[in-house]
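Step one of this worksheet: look at the structure below.
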Amino acid sequence: MSAEEIFRAVTTELRASPEAEQRDSWKSTVVALFADVFESVKVNPDRVPPAKKRYPLLKGVEPALLLIFFEQVSVVDSCTFEQWCGYARTISRDLYNTT
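Taking UniProt numbering, the leading residue of the sequence shown gets 1, the next gets one more, and so forth.
And the structure:
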């Protein structure tokens, strides 16, 4: 399954059952979608501070916050996969404070 197909599947499931028990698996899937886009952002590794080298690994409440963001843009705002990728790239650049 492509990332775009996964995006559509999760969006469809979230629309159908926003409070379903699959929230943990959706969270993992959204984190994986984010990681795919994150890895595509070109950053000079020598300029990345040690504290930021953990990305795209998310800790604590970060996966839950990413799922909330995903729900907002994909379900509520009906963004496309391309728009989601744009948002994820922007987040990635902001995490590294780079353009």
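All C-beta atoms in this analysis are idealised placements derived from N, C-alpha and C, irrespective of residue type, glycine included.
Decide if residue i is buried, meaning its Cβ has at least 16 other Cβ atoms within 10 Å, or exposed.
i	result
Val-76	exposed
Val-61	exposed
residue 103	Residue 103 is absent from the model: the chain starts at 1 and stops at 99.
Thr-11	buried
Arg-78	Rather than Arg, the amino acid found at residue 78 in this sequence is Ser. That one is exposed.
Among the options, which residue has its Cα nearest to the Cα of residue i?
i	options	result
Pro-63	Val-41, Thr-29, Val-73, Val-37	Thr-29
Phe-69	Lys-52, Phe-34, Leu-57	Phe-34
Arg-23	Arg-54, Pro-45, Leu-67, Lys-59	Leu-67
Pro-18	Ser-74, Trp-84, Cys-85, Lys-52	Ser-74
For residue i, which residues in the same chain have their Cβ closer than 7 Å to its Cβ, ignoring the five residues on either side in sequence?
i	result
Glu-5	none
Ala-3	Leu-33, Asp-36
Leu-58	Val-31, Leu-66
Pull up the CB-CB distance for residue i and residue j, whole angstroms please, since I reckon it's below 8 Å.
i	j	result
residue 168	Pro-56	The structure shown has nothing for residue 168, since the chain only spans 1 to 99.
Val-43	Tyr-96	5 Å
If you drop the 5 nearest sequence neighbours on each side, which residues of the same chain put their C-beta closer than 8 Å to that of residue i?
i	result
Glu-13	Ala-20, Gln-22, Trp-26
Val-48	Tyr-96
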